[in-house]
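Reviewing the structure listed below.
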Amino acid sequence: MREGFEFIDTDHHVGPNMETLHKYASPALLDRWDELLPYYMKVTEGHHLSVAPIPYRRDLYTGTDEQQTAVGQRGAQGPLGSAVKLNFDVKPVPEVNNENNRGRLDDMDTEGVDIALIFPSTFSTASTALDAGIQTELYAAYHRYLGDYCGIDTDRLKAALVLNARDPEWSVTELESLAGEPWLAAVSVMLPEGLPVDDPSLDGIWSLMNDADLPLVHHSFFYEPPYFPGYRDIWGNLAIARMAAHPWGAQRLVAYVTLSGMFDRYPNLRIGFAECSGGWVGAWLNRMTYQADYLASKLPRIDKTPIEYALDGHIFCGIELDEGPDAVKAVSAVVGDGILMYSSDYPHGGCRFPNSVDIALKWRDELGDETFRKIASENARRFLRM
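Per my numbering, residue 7 is the first one in the sequence shown, and the count goes up by one each step.
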């Protein structure tokens with residue numbers, strides 16, 4: 007709580023590292039753990055998985071060749087580590103990515119964050135290119151880890167379940183077994199490259215999410231599988247690839263979810279986005295609305311327009327600190343002020359710890375208390391299962 011406003015941060019991160027996941031591995035995963043060792047990548051606090059990273063090495067205004075966008079070796083360092091600027095003023099406490107849940111709560115108290123929605127590291131996406139059985143076992147280990155990590159205070163530490171779209175049967179069973187967990191606030195369904203979100207094989211997952219009142223949340227990714235729309239044709243520059251990857255992936259996903267009629271078939275279903283920026287939402291939903299009318303012959307009939315689904319509470323998106331109040335006003339002009347949610351990227355370099363909340367509070371005068379309160383917490387409460 008800060009200045010009378012509750013804050014729900016819809017973009018917090020853990021790893022955890024492989025050493026931590028190993029503690030939660032099932033006997034079946036432990037038997038196959040050696041298969042993961044070639045993918046180990048050294049990080050500050052142990053190892054993460056590096057499966058098939060694309061380094062995007064091309065500098066602007068230089069020649070190009072295929073090697074600049076070729077998939078790197080397994081176990082290779084990811085391209086972001088040495089490239090990004092660390093924006094925080096003070097480093098978050100150590101090991102919050104792994105097992106220091108008390109340290110996370112202390113940092114939340116420092117900033118004035120009441121509730122955090124937690125996402126995993128790139129193992130969750132990169133494993134879509136591994137054996138499906140190993141992917142499933144990694145997710146199950148992560149869920150056991152979440153039970154302990156969030157268990158210290160399930161009113162404040164919330165997380166998204168991670169489901170395997172290559173194994174819908176397991177995903178349904180896992181969701182059934184964990185649907186009642188107090189830390190569970192949303193679901194991420196990891197789609198391998200080439201599998202669309204509206205594929206009928208996934209209907210059982212959406213049906214169960216609808217019944218459990220759990221929303222679908224997409225956190226962006228780009229240099230590991232399943233990559234992003236256009237990743238083969240981005241001309242090789244890391245900065246531009248990341249600029250494009252996050253909103254492009256979100257735009258494709260919301261278009262297929264909306265225009266395929268998923269909100270009609272599953273009336274409790276909601277979709278939201280983290281670390282994809284938010285300024286695009288109004289323009290994209292506007293374009294989706296008039297293009298869906300223009301190309302109606304190639305689309306199924308749906309009950310509402312994309313803008314109407316957003317206004318009715320089916321579509322949400324985190325707003326990044328760098329976007330500022332002008333982006334909020336631009337989105338609100340098209341789809342109202344019930345869409346955007348506070349997000350910080352803690353403890354990654356995009357956050358402004360310990361001042362992220364204070365930066366957002368500077369928007370208050372331009373937006374007014376009613377709109378700002380929605381962004382700070384009320385929209386997230388409508389989106390997440392709280």
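The beta carbon of each residue, even a glycine, is placed where N, CA and C say it ideally should be.
**Q.** Helix, strand or coil at residue 269 according to DSSP, with G and I counted as helix
**A.** In the displayed model, residue 269 falls within a helix according to three-state DSSP.
(Q) Bridge partners for residue 168 per DSSP, in chain order? (A) According to DSSP, which records beta bridges pairwise, residue 168 is partnered with 194.
Q: Just confirm the distance between the C-beta atoms of residue 7 and residue 153, as a whole number of angstroms; I'd bet it's less than 8 Å.
A: About 27 Å separates the beta carbon of residue 7 from that of residue 153, a gap too long to meet the 8 Å contact definition.
Q: Compare the C-beta of residue 259 with all C-beta atoms of chain C and state if any pair is closer than 9 Å.
A: In the displayed structure, chain C is absent; only one protein chain is listed.
**Q.** residue 47: first and last residue of the uninterrupted beta strand (DSSP E) it sits in
**A.** Where residue 47 is concerned, the enclosing beta strand (DSSP E) stretches over 46 to 49.
Q. Where residue 365 and residue 334 are concerned, what is the direct C-alpha to C-alpha distance, given to the nearest angstrom?
A. Cα to Cα, the separation comes out at about 14 Å.
(Q) Quick check on the DSSP output: the alpha helix (DSSP H) that includes residue 17 runs from which residue to which? (A) Note, residue 17: premise wrong, no alpha helix (DSSP H); beta strand (DSSP E) at 14 to 19.
**Q.** Top-ranked residue by Cα proximity to residue 41, from 20, 116, 140
**A.** The option with the nearest alpha carbon to residue 41 is 140.
Q: Can you tell me which of the three DSSP states residue 347 falls into?
A: In the three-state scheme derived from DSSP, where H, G and I count as helix and E and B as strand, residue 347 is classed as strand.
Q: State buried or exposed for residue 358, treating a residue as buried only when at least 16 other CB atoms are found within 10 Å of its CB.
A: With 16 or more Cβ atoms within 10 Å of its Cβ, residue 358 is classed as buried.
Q.
Could you compute how far the alpha carbon of residue 279 sits from the alpha carbon of residue 318?
A. Straight-line Cα distance between these residues: approximately 17 Å.
**Q.** Length-filtered (4 minimum) alpha helix (DSSP H) runs lying within the region 235 to 294
**A.** Runs of the alpha helix (DSSP H) lying entirely within the region 235 to 294, each at least 4 residues long, are 244 to 265, 268 to 271 in chain order.
Q) Assuming residue 172 and residue 138 make a contact with CB atoms under 8 Å, what is their CB distance in whole Å? A) That pair is a contact at about 4 Å.
Q. Mind checking residue 123: buried by the 16 CB within 10 Å criterion, or exposed?
A. So residue 123 counts as buried.
Q: State yes or no: is the C-beta of residue 230 within less than 9 Å of the C-beta of residue 281?
A: It is not a contact, given that the beta carbons lie outside the stated cut-off.
Q) Roughly how many angstroms lie between the CA atoms of residue 329 and residue 34, to the nearest whole one? A) One C-alpha to the other measures close to 45 Å.
(Q) Is the beta carbon of residue 233 closer than 9 Å to that of residue 199? (A) Yes, they are a contact pair.
Q | For residue 88, the nearest candidate out of 63, 73, 74, 209 (CA to CA) | A | Out of 63, 73, 74, 209, 63 has the C-alpha closest to the C-alpha of residue 88.
Q: Taking only the alpha-carbon atoms, compute the straight-line gap between residue 125 and residue 375 and give it to the nearest angstrom.
A: If I take the Cα positions, the gap works out to 29 Å.
Q) Which whole runs of the alpha helix (DSSP H) in the region 100 to 157 are 4 residues long or more, in chain order? A) Within the region 100 to 157, the complete alpha helix (DSSP H) runs of at least 4 residues are 107 to 117, 129 to 132, 138 to 157.
Q.
Going by beta-carbon coordinates alone, are residue 210 and residue 103 separated by less than 9 Å?
A. In this structure, residue 103 does not lie closer than 9 Å to residue 210 by Cβ.
Q) Do the region 215 to 225 and the region 261 to 281 touch if we need at least three Cβ pairs shorter than 8 Å? A) Contact holds: three or more Cβ-Cβ distances are below 8 Å.
Q | Presumed contact (8 Å Cβ cut-off) between residue 203 and residue 167, rounded CB distance | A | Residue 203 to residue 167, Cβ: 16 Å. No contact.
Q: Consult DSSP for residue 352 and reduce its assignment to one of helix, strand or coil.
A: DSSP places residue 352 in the strand class (E or B) of the three-state scheme.
Q. Looking only at C-alpha atoms, which of 252, 336, 296 sits nearest to residue 285?
A. Of 252, 336, 296, the residue nearest in Cα terms is 336.
Q: Return the CA-CA distance between residue 315 and residue 307, expressed in angstroms with no decimal places.
A: If I take the Cα positions, the gap works out to 14 Å.
Q. Thinking just about the alpha-carbon of each residue, which of 248, 269, 240 is nearest to the one in residue 70?
A. When only C-alpha atoms are compared, the closest one is 240.
Q | For residue 60, the three-state DSSP class (helix, strand or coil) | A | DSSP places residue 60 outside both helix and strand once states are collapsed to three, so it counts as coil.
Q: Give every residue of the same chain whose Cβ lies closer than 8 Å to the Cβ of residue 320, excluding the five residues on either side of it in the sequence, and list them in chain order.
A: Cβ within range, chain order: 264, 269, 275, 276, 277.
(Q) Between 291, 90, 170, which has its C-alpha nearest residue 131's C-alpha? (A) Nearest option by C-alpha distance: 170.
Q. Roughly how many angstroms lie between the CA atoms of residue 11 and residue 332, to the nearest whole one?
A. The C-alpha of residue 11 lies about 21 Å from the C-alpha of residue 332.
Q) For residue 345 versus residue 292, is the C-beta spacing smaller than 9 Å? A) Result no, Cβ atoms of residue 345 and residue 292 do not sit closer than 9 Å.
**Q.** Beta-carbon contacts of residue 248 that lie in its chain and below 7 Å, excluding the five residues immediately before and after
**A.** The residues are 228.
**Q.** Endpoints, the beta strand (DSSP E) within which residue 52 is located
**A.** Where residue 52 is concerned, the enclosing beta strand (DSSP E) stretches over 52 to 55.
Q | Outcome for residue 341 when other beta-carbon atoms lying within 10 angstroms are tallied against a minimum of 16 | A | With 16 or more other Cβ atoms within 10 Å, it is buried.
Q: Tell me whether residue 377 is buried or exposed, calling it buried when 16 or more other Cβ atoms sit within 10 Å of its Cβ.
A: Answer is buried; the Cβ neighbour count reaches 16.
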